[in-house]
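Take a look at the structure below.
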Amino acid sequence: MRNDVNLILDISVFLSILYFLSTVKAFSYIDPGSGSYILQIVIASVLGILTLIKIYWSKLKAFFVSFLSNKQDNESTK
Amino acid sequence: MNPRNDNFLNQMPSPGSFRDRSGFVFLRDYQIYRQVNKDYADNYEAFMGSGLYNELVKKRSLIEHEEVSIGYALSDDAYKIIKPRLIPFISYPYEWCFSQYKGAALLTLDIQRTAFDYGMSLKDASAYNIQFIDCEPVLIDTLSFEKYKEGEPWIAYRQFCQHFLGPLALICYKDVRLSQLMKVFIDGFPLDLVSSLLPFRTKTKFSLISHIHLHSKAQKMFSDKGFNDKKRTISRIGIISIIDSLKSAVQSLTWDPEKTVWSDYYDKTNYTERGFAHKREIVSMYLDELREAKSLWDFGSNVGEFSRIAARKGLQTISFDADPQVVEENYLKATREGEKNLLPLLCDLTNPSPDIGWENKERSSLLKRGPADTVLALAVIHHLAIANNVPLSNLAKFFSSICKALIIEFIPKSDTRVQKLLSTRQDIFKDYNQECFEYEFKNYFSVLDSVLVKDSERSIYLMRKLKPL
Numbered sequence: 273m274r275n276d277v278n279l280i281l282d283i284s285v286f287l288s289i290l291y292f293l294s295t296v297k298a299f300s301y302i303d304p305g306s307g308s309y310i311l312q313i314v315i316a317s318v319l320g321i322l323t324l325i326k327i328y329w330s331k332l333k334a335f336f337v338s339f340l341s342n343k344q345d346n347e348s349t350k
Numbered sequence: 065m066n067p068r069n070d071n072f073l074n075q076m077p078s079p080g081s082f083r084d085r086s087g088f089v090f091l092r093d094y095q096i097y098r099q100v101n102k103d104y105a106d107n108y109e110a111f112m113g114s115g116l117y118n119e120l121v122k123k124r125s126l127i128e129h130e131e132v133s134i135g136y137a138l139s140d141d142a143y144k145i146i147k148p149r150l151i152p153f154i155s156y157p158y159e160w161c162f163s164q165y166k167g168a169a170l171l172t173l174d175i176q177r178t179a180f181d182y183g184m185s186l187k188d189a190s191a192y193n194i195q196f197i198d199c200e201p202v203l204i205d206t207l208s209f210e211k212y213k214e215g216e217p218w219i220a221y222r223q224f225c226q227h228f229l230g231p232l233a234l235i236c237y238k239d240v241r242l243s244q245l246m247k248v249f250i251d252g253f254p255l256d257l258v259s260s261l262l263p264f265r266t267k268t269k270f271s272l273i274s275h276i277h278l279h280s281k282a283q284k285m286f287s288d289k290g291f292n293d294k295k296r297t298i299s300r301i302g303i304i305s306i307i308d309s310l311k312s313a314v315q316s317l318t319w320d321p322e323k324t325v326w327s328d329y330y331d332k333t334n335y336t337e338r339g340f341a342h343k344r345e346i347v348s349m350y351l352d353e354l355r356e357a358k359s360l361w362d363f364g365s366n367v368g369e370f371s372r373i374a375a376r377k378g379l380q381t382i383s384f385d386a387d388p389q390v391v392e393e394n395y396l397k398a399t400r401e402g403e404k405n406l407l408p409l410l411c412d413l414t415n416p417s418p419d420i421g422w423e424n425k426e427r428s429s430l431l432k433r434g435p436a437d438t439v440l441a442l443a444v445i446h447h448l449a450i451a452n453n454v455p456l457s458n459l460a461k462f463f464s465s466i467c468k469a470l471i472i473e474f475i476p477k478s479d480t481r482v483q484k485l486l487s488t489r490q491d492i493f494k495d496y497n498q499e500c501f502e503y504e505f506k507n508y509f510s511v512l513d514s515v516l517v518k519d520s521e522r523s524i525y526l527m528r529k530l531k532p533l
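Protein chains in written order, with my numbering: chain P, 273 to 350; chain X, 65 to 533.
Next comes the structure, spelled out in C-alpha cells:
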C-alpha cells in the first residue's frame, strides 16, 4: 500500500515537472543537488515500472504462447 | 599525471586532487603515487576484495596499480599507498573529439553497471577521471568506488549529466565547438544552459526530456527546498534502468560532420606525389636522428599522416589539430586499426588549453604538460606568422619552450597557400622570408640539417634546442 502511495506521488511529481517544462534560466546561485536527487527517484520509478511491465509482458507472452501451442499439440494428437 | 608538470611539486598533493577526501595523488622522485586515506579503508578493501578491481583491469577499463610501502605516505591518515601505471599524456574533455568524448561516457556507464553487480557504485562521474592509452579510454581514479547502500540513488547521476550527456547532446544537436564550454564550467555544463540551447525537437526524446530538460527543471524547482526524505528510496531495478537509459541516450547521439576546410587537405595540397613521398622520407630520416626522443607533439597534424611515422617508431605521439573533423577522422582511424602510441587531440595552437580551475591549478595548460622531446610543425608556420600575425622571433621562442628538438617546415611567400592567405590581408610581413626565419630560430636552436622538398619551394629543418648558457 505504501509503495502504491509512493508511486502515485512520484508520478504526480513527474507530471508536475512535465507541466512546467519550459526553459528556465538559473542565473542565481542554486544548489542543484536536491532536484537531481528527487528527479532520479522519479525517473527510476517510471523506468523501473516500464522494465517490470516489459519483463512480465514477455513472461505473459511466453505463457500464452506455450499454453496455445500445448493446446494445439493436444488437438493434433486427438 | 605528468611528473614533469610545473604545477606538480615533489611530495605535495597534486593541485587537481583535493576534492575527494578518500585520498590524493602525489609525486615522489618523478613517480606518481596515490595515497588512500584511512577514511576510505573500508571501501578500498571492498573494492579490491570483491573482485571488481580485477574485473575492471581485465577489461582494461581501469588503470592498474601496485601497492607500495606505507613509508611513502605524505600524512598520518594514510591507509595505503598505491602506484598506478603512468599515463603517457593527460588530456581533458575540451581536447577530445566527439568519439573520444562518447567513448569516455560509455566507459563510465559500463564501469558503473559492472560495479553495481559487485555491490559497489561510482561516487564520481567526472570526465576528468577518464584518460586515453593508445586511444582506449580508461578510468584513472581508483578511489571513485564506494559500497552501494540498498535504496540509495546513484550519487554521481547529476555529474554524469553535466560532464557527459549535456556536452554530447549539444555537440550532436547544435555544434561540435560547444565542447569548448568545458573550459568555462569546471564541473560540467549547467543543465539549465544545456536545456535552453538544445532545439525544441529534443523535447520529443524521452531520454533527453528526462535527463536534461526535466532534470534542469527539477534542479530549479527544488533549489531552495533541500531534501531530507531518506525514506524515499530507489530499487535496484530502478537504478539499473537509469544506467541503461543513460547508455541508450549516449549511444543514440551521433555527430556526422560535413567536410571541413582541412579534412581533404592532403588531396588538394601543393605537393606532387613525389614531393609528398620525399617529405615523408625527410621526416622519417630526421626522427631516426633523434634517437633519445620518447615523445612527440605533432601540431597541425591533420589526419595524422606524419604522426603515424613517429608513432610507428615507438614515440608517444600526440597528434594535435584545431579542426574537430580531422581529429575525429584521425581518432577513428587509430581505433579502427588498433594503432599504438598515438593520441589525436584538439588544439588550436593560437590559443592552447589554459590553466583552469581552483587557483588556476586544477587542470594544466598545454605548455605545462610539456615539454615534448620533439615537436613536428609541418605546414603550420605560415598560419601562425601570417594568418595570426605572430612575429618569427615570438614563434622561435614559443617552440623553444615546448620541445627539445624541432622538425619544422618553412613555406615561402611565393607558395600558393601563403599567397591565398595574403590575398585578403595587407602584406605587412616584410621579414617573412627564409633568411629571417633561420636567423630568428638560431637564437634558440641549432640547425642540424635542412632539405628542400622535391618539386616544391618548401624546406624542412631539423633543429635542436640550444642549451641555456
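Idealized CB from N, CA, C, for every residue including glycine.
None of these values were measured; they are calculated from a predicted model.
| query | result |
| --- | --- |
| From X:R92, X:Y156, X:G252 and X:R85, residue whose alpha carbon lies closest to that of V100 of chain X | X:R85 |
| Residue environment, M76 of chain X, which counts as buried when at least 16 other CB atoms sit within 10 Å | exposed |
| The region 321–331 of chain P in contact with the region 382–396 of chain X per 3-pair CB rule at 8 Å | no |
| Residues from the region 327–338 of chain P in contact with chain X, defined by Cβ distance under 8 Å | none |
| Distance CB(S523 of chain X)-CB(L512 of chain X) smaller than 8 Å | no |
| Assigned exposure category for S308 of chain P - 16 Cβ within 10 Å defines buried | buried |
| Contact set between the region 303–317 of chain P and chain X, restricted to residues whose Cβ is under 9 Å from the partner | D303, P304, G305, S306, G307, S308, Y309, I310, L311, Q312, I313, V314, I315, A316 and S317 |
| Nonlocal neighbours in the same chain, by C-beta distance under 7 Å from A137 of chain X, ignoring five residues either side | Q99 and I145 |
| CA-to-CA distance, G421 of chain X to F82 of chain X, given in whole angstroms | 12 Å |
| Simplified DSSP state of M76 of chain X, which is helix, strand or coil | coil |
| Proximity winner among X:Y94, X:V132, X:L150 and X:I151, relative to Y143 of chain X (alpha-carbon distances) | X:V132 |
| L340 of chain P at chain X interface by Cβ criterion, 8 Å | no |
| Buried versus exposed call for F336 of chain P [16 or more other C-beta atoms within 10 Å across all chains shown] | exposed |
| Candidates X:L203, X:L91 and X:K477, of which the one nearest R124 of chain X by Cα | X:L203 |
| C-alpha gap between T266 of chain X and C225 of chain X, whole angstroms | 15 Å |
| Min CB distance Q283 of chain X to chain P below 8 Å | yes |
| Three-state class that DSSP yields for A441 of chain X in the structure shown | strand |
| At least three beta-carbon pairs within less than 8 Å, the region 409–416 of chain X to the region 476–487 of chain X | no |
| V543 of chain X - DSSP class collapsed to helix/strand/coil | Chain X is shown only over 65 to 533; residue 543 of chain X falls outside these bounds and no answer can be derived. |
| Cβ-based burial, T381 of chain X [other Cβ within 10 Å; buried from 16] | buried |
| Endpoints, beta strand (DSSP E) assigned at V100 of chain X | Q95 to N101 |
| Beta-carbon contacts of A179 of chain X that lie in its chain and below 7 Å, excluding the five residues immediately before and after | L116, S185, L186 and F209 |
| G302 of chain X at chain P interface by Cβ criterion, 8 Å | yes |
| Chain P contact residues for H342 of chain X, given Cβ-Cβ distances below 7 Å | Here the premise fails: no neighbours, minimum Cβ distance about 57 Å. |
| Rounded C-alpha distance that separates R274 of chain P from R296 of chain X | Confidence in R274 of chain P is poor, its pLDDT being 49 and thus under 50, which makes the residue's placement unreliable; the coordinate value appears in the next sentence. When rounded, the distance between both Cα atoms is 11 Å. |
| Alpha-carbon spacing of F509 of chain X relative to R433 of chain X, whole angstroms | 21 Å |
| One or two residues paired with Q195 of chain X in a DSSP bridge | X:V202 |
| For D491 of chain X, the three-state DSSP class (helix, strand or coil) | coil |
| Close-in-space but distant-in-sequence residues of the same chain around A451 of chain X (CB under 6 Å, 5 per side omitted) | L485 |
| C-alpha distance - D198 of chain X paired with I315 of chain P, whole-angstrom precision | 37 Å |
| Unbroken beta strand (DSSP E) run spanning S185 of chain X, endpoints | M184 to L186 |
| Inter-residue spacing [alpha-carbon to alpha-carbon] between L442 of chain X and K494 of chain X | 22 Å |
| DSSP three-state assignment for K432 of chain X, whether helix, strand or coil | helix |
| P408 of chain X - partner residues in DSSP beta bridges | X:S383 |
| C-alpha distance - L324 of chain P paired with F286 of chain X, whole-angstrom precision | 29 Å |
| Short CB-CB distance (under 8 Å) between N66 of chain X and chain P | With a pLDDT of 49 at N66 of chain X, under the threshold of 50, the predicted position of this residue should be treated as unreliable, and no value is reported. |
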